[in-house]
Every structure is written in C-alpha cells, then in structure tokens.
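Read through the structure below, which is laid out as structure tokens, and then see the notes.
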Amino acid sequence: MWSSSRLSPTRLSMTLTKTIIDKAEYIGDSATGERCVIWDGSLAGFGLRVYPAGKKSFILSYRYNGRKRLIIIGQYVLLTLEQARKEAKKYLVDVIQGDDPLLETKKEGACR
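Using full-length UniProt numbering, the first residue of the sequence shown is number 1, and each one after it goes up by one.
See the structure below:
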C-alpha cells in the first residue's frame, strides 16, 4: 500500500481510519525484525503496528522520566479504532499526572 521509497514504514504518519487499518500491510524486513508502524496524525504517540504475519496492534509511544516507553493497547481485531484512541488518551492523562501506564499494566498483570 505504501511502496514509495520516500516513505519509511517506521515514520509513516497519517490520520488513522478503519479503511487505512484494513488495507495496511507489513512493509519491512522481517528477517531483521524491522518494525512497521503507522503513526496517527491526530493523536501524538498513537499508532498501529503491523506484524509480518499480518496481525495489527494499537500502540502508544510516550516518555516517562526521560525514557521512551511503548505500550501495546490491544489487537485490532479485539478493539475498534475509537476504543483504542480512547484508551490511548487515558494513558496520556496518566503520563501527564506523573504515572507510568506501562508499569501499571504490568502490576495489574502480576495480580491476576
């Protein structure tokens, strides 16, 4: 879908829509583990990671205490774009309030 040599799959940015997500395909070298992410132009840090096998997951990239963090919000089949955006906004509020959503989700997972 995005075969232009000028567009790096890791730096592609556009407002995500259901149509774009449905048509998204992995672009990259799966042998080197290159990540393919389409960043959302309407919400900073929010994007869609496309895996070589075709799986698609919503992600959020943010900084906490100066360190870059990345949290997987959920798989596209299980979440709609609207649900994932809403969850990403909640995580960003946590970051603004001084919390690290990645640590919180790990704590919740350990309690199960």
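Where is the CB? At the ideal position from N, CA and C, for every residue including glycine.
Proximity below 7 Å, CB of residue i to CB of residue j
{"i": "Leu103", "j": "Ile71", "result": "no"}
{"i": "Gly47", "j": "Cys36", "result": "no"}
{"i": "Phe58", "j": "Ala24", "result": "no"}
{"i": "Pro52", "j": "Tyr26", "result": "yes"}
{"i": "Asp40", "j": "Leu16", "result": "yes"}
{"i": "Tyr64", "j": "Gly45", "result": "no"}
Interface flag, residue i vs chain C, CB-CB below 7 Å
{"i": "Gln97", "result": "The chain inventory of the structure shown lacks chain C, comprising one protein chain alone."}
8 Å Cβ shell around residue i - same chain, five flanking residues per side excluded
{"i": "Asp94", "result": "Asp100, Pro101, Glu104"}
{"i": "Leu12", "result": "Trp2, Val37, Ile38, Trp39"}
Cα-Cα separation, residue i to residue j
{"i": "Glu87", "j": "Ile73", "result": "7 Å"}
{"i": "Leu43", "j": "Asp22", "result": "19 Å"}
{"i": "Gly98", "j": "Thr80", "result": "27 Å"}
Close beta carbons around residue i, own chain, < 6 Å, minus the five adjacent residues each side
{"i": "Arg49", "result": "Val37, Ser57, Ile59"}
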